[in-house]
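Position 35, counted from 1, in the sequence shown is what our numbering calls 200; the numbers after and before it change by one each time, with no gaps. Each residue gets a CB set at the ideal place from its N, CA and C atoms; glycine is no exception. Shown next, in structure tokens, is the structure this report addresses.
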Amino acid sequence: MRADSYIMQVKVVGAEGCGLYDIKMECAALIRKAGRDLYIQKHSLEMFDFEYVSYMDLLRDKIDEYKILFKDWVGTFDPYHAIKDDWGLFNPPGIELPDADDDDAADFFDDEDDD
166 MRADSYIMQV
176 KVVGAEGCGL
186 YDIKMECAAL
196 IRKAGRDLYI
206 QKHSLEMFDF
216 EYVSYMDLLR
226 DKIDEYKILF
236 KDWVGTFDPY
246 HAIKDDWGLF
256 NPPGIELPDA
266 DDDDAADFFD
276 DEDDD
């Protein structure tokens, strides 16, 4: 749980330190994952009879507040300040993924055949 809370802080700093859309979106995705992991920890704590599970309700309320700020923050990302994400996950809206045929798979092993 502590690691998730650290990730949420560090990735905000990382995203703000970089101006590129794809890096900011990657950090945002990691923040979202850490927030969701924190949110569902209540079930584990209940399962292991943690004494202070009621504190998780407070944490969940704060995460719900954070989500509102998070959505506003992600809305400030500039999709025109980006590089193309070859993985295809964090491209700005309107950026097309390359076709699978763009890379010639037949050339992949050409260097090994020269031996």
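query	result
Inside the segment 213-266 only - alpha helix (DSSP H) runs reaching at least 4 residues	219-239
Cβ-heavy atom distance, residue 201 to the ligand NAD, below 8 Å	Of ligands this structure carries none, so the ligand NAD is not represented either.
Through-space distance from residue 200 to residue 186, alpha-carbon basis	21 Å
Segment contact flag, the segment 187-206 with the segment 245-255, C-beta cutoff 8 Å, min 3 pairs	yes
As assigned by DSSP and simplified to three states, the class of residue 273	Confidence at residue 273 is low in this model, with a pLDDT of 49, below 50, so the placement of that residue is unreliable and no value is reported for it.
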